[in-house]
């Protein structure tokens with residue numbers, strides 16, 4: 002049987018919740034890191050403002 006994937010979810014779509022999910026990964030990147038996330042396109046209902054990712058990107062850059 003294959004390992005099951007771990008899924009991280011939050012009902013709160015805000016910067017703090019995204020940072021909590023990132024921290025839950027328990028992973029620290031090494032060297033140069035790119036952050037790629039599909040945020041959708043406005044005015045779609047699934048659009049995420051890229052500003053939501055600012056704190057996660059800053060945390061990755063600090064490690």
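Numbering (the working numbering), first residue to last: 2 to 64. Heads up, the beta-carbon is just placed ideally off N, CA and C, and yes, glycines get one too.
Exercise for review: Could you check which residue in 44, 49, 27, 22 has the C-alpha nearest to that of residue 11?
Suggested key: 22
Review point. Apart from the five residues just before and just after residue 57, which ones in its own chain have a Cβ nearer than 8 Å to its Cβ?
Key: 16, 19, 20, 23, 36
Review point. Does DSSP put residue 56 in a helix, a strand or coil?
Key: helix
Review point. Where do the ends of the alpha helix (DSSP H) carrying residue 23 lie?
Key: 16–25
Review point. Which residue from 46, 38, 47, 42 puts its Cα closest to that of residue 55?
Key: 38
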